[in-house]
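Going by my numbering, the first residue of the sequence shown is number 1, and it counts up by one from there. We put the beta carbon where it would ideally sit given N, CA and C, even for glycine. The structure displayed is predicted, hence computed values, not measured ones. Take a look at the structure below.
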Amino acid sequence: MNKGNKIYEGKAKILYETADPDLLIQYFKDDATAFNAAKKGTIHDKGIVNNKISTKMFGLLESNGIPTHFVQNLNEREMLVKRVTIVPLEVIVRNKAAGSFCRNYGVQEGRSLASPVFEFSYKCDALNDPLINDYHVLALELATKDELEIIKNFASKINDIMRSFFLKLNLELIDFKLEFGRYKGKIILADEISPDTCRIWEIGTGRKLDKDRFRHDLGSVEEAYQEVLSRVTK
Ligand code: UDP
């Protein structure tokens, strides 16, 4: 599959057209950003690792009945994906308190939650991705009522699937971010699933194996990403 025009370049990935108008090539970069790009850097070989982890996770979800944009892996840094129109929402699922949840609600990192928390942020860098609720989504026509129900249902199932998958690897899925898109009238999972978009802690030690190592200068960032890769592909 030959790469055509670049149609989008984000913080961590680039999308290229292909000869097929329904398919794009998703290229994973080593660039890392945090705090709405206030902090920038690179994580050596992150693109390779995240492409492999995302490939594994999309495969896992597809085999459990979740439709995704993943078509096939192409090479170390590229996967073939369905061309979707992204729903401008960051769908965040939390199993334990971390990150902005601790800041917003004044709770300690790692605090157990009585039930998972589902959040929406409006995907808009200029506004700093503000937290919104179902009413905002519908009033601003970011998604329809039916789409919203499907997205919530998928997010909940994805959480169940990923949590039990990571648990078997002695890893705890603390929280993660999903993005969905419209493809031929249907909602499917898009974007990526990787240590850039999930918080993953080692069970027993609490060792952080995700982008928090970069965000907070904890060191051993590459090693953490490699550790997740080696466990998920075991
Ligand atoms: N997340 C993401 N992209 C974003 C914002 C959050 O992938 O633009 C992920 C983040 O890595 C974490 C989860 O979503 O796994 C919850 O993030 P949080 O709201 O705590 O934001 P943070 O404090 O990390 O900015």
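| Alpha carbon to alpha carbon, how far is G4 from I25? | On the sequence shown, residue 4 is found 4 positions in, with the first residue counted as 1. On the sequence shown, residue 25 is found 25 positions in, with the first residue counted as 1. Each residue's alpha carbon lies about 9 Å from the other.
| query | So what does G181 bridge to, in DSSP terms? | reply | Against the sequence shown, residue 181 aligns to sequence position 181. According to DSSP, G181 bridges with I86, I188.
| message | Helix, strand or coil for S230? Go by DSSP, reduced to three states. | response | Taking the sequence shown and counting its residues from 1, one reaches residue 230 at position 230. In this structure, S230 counts as helix in the three-state DSSP scheme.
| task | Pick out whichever of F101, H216, S112 has its Cα sitting closest to the Cα of S264. | result | The shown model of the chain, from 1 to 234, leaves out residue 264, and the question about it has no answer.
| query | Would the beta-carbon of R111 be found less than 8 Å away from any heavy atom of the ligand UDP? | reply | Here residue 111 is taken as the residue at index 111 of the sequence shown, counted from 1. Checking every heavy atom of the ligand UDP against the Cβ of R111, none is found closer than 8 Å.
| field | Opening and closing residue of the beta strand (DSSP E) in which C198 lies | value | The residue labelled residue 198 in the question sits at position 198 within the sequence shown. Looking at the DSSP string, the run of the beta strand (DSSP E) that includes C198 is 198-202.
| Can you list, in chain order, the residues of its chain whose CB lies under 6 Å from that of A98, leaving out five sequence neighbours each side? | Here residue 98 corresponds to residue number 98 of the sequence shown, with the count starting at 1. Answer for A98: E109, I174, D175, R199, listed in chain order.
| If you measure from the CB of K211, is any heavy atom of the ligand UDP nearer than 8 Å? | Counted from its first residue, the sequence shown places residue 211 at position 211. Of the heavy atoms belonging to the ligand UDP, at least one sits nearer than 8 Å to the Cβ of K211.
| Quick one, which of R213, K234, L229 has its alpha-carbon nearest A34's? | For the purposes of this step, residue 34 is taken as residue 34 along the sequence shown, with counting starting at 1. Checked all of R213, K234, L229; the closest Cα to A34 is R213.
| query | Around the Cβ of I187, are there at least 16 other Cβ atoms within 10 angstroms (buried) or fewer (exposed)? | reply | Mapped onto the sequence shown, residue 187 falls at position 187. Counting every other CB atom within 10 Å of its CB across the protein chains shown gives I187 a total of 16 or more, marking it as buried.
| query | Rounded C-beta distance between S156 and I53? I'm assuming under 8 Å. | reply | Along the sequence shown, read from residue 1 onward, the residue named residue 156 stands at position 156. Along the sequence shown, read from residue 1 onward, the residue named residue 53 stands at position 53. Going by Cβ atoms, the distance from S156 to I53 rounds to 22 Å, so no, they are not a contact pair.
| message | By alpha-carbon positions, which one of D134, L148, G47 ends up nearest to I14? | response | Position 14 of the sequence shown, counted from the first residue, corresponds to residue 14. Residue G47 is the option with its Cα nearest to I14.
| task | Quick one: residues in its chain with C-beta nearer than 6 Å to the C-beta of E78, no 5 flanking neighbours on either side, listed in chain order? | result | As a first step, residue 78 must be located in the sequence shown, where it is residue number 78. Residues of the same chain with a CB within less than 6 Å of the CB of E78, apart from the 5 flanking positions on each side, are I25, Y27 in chain order.
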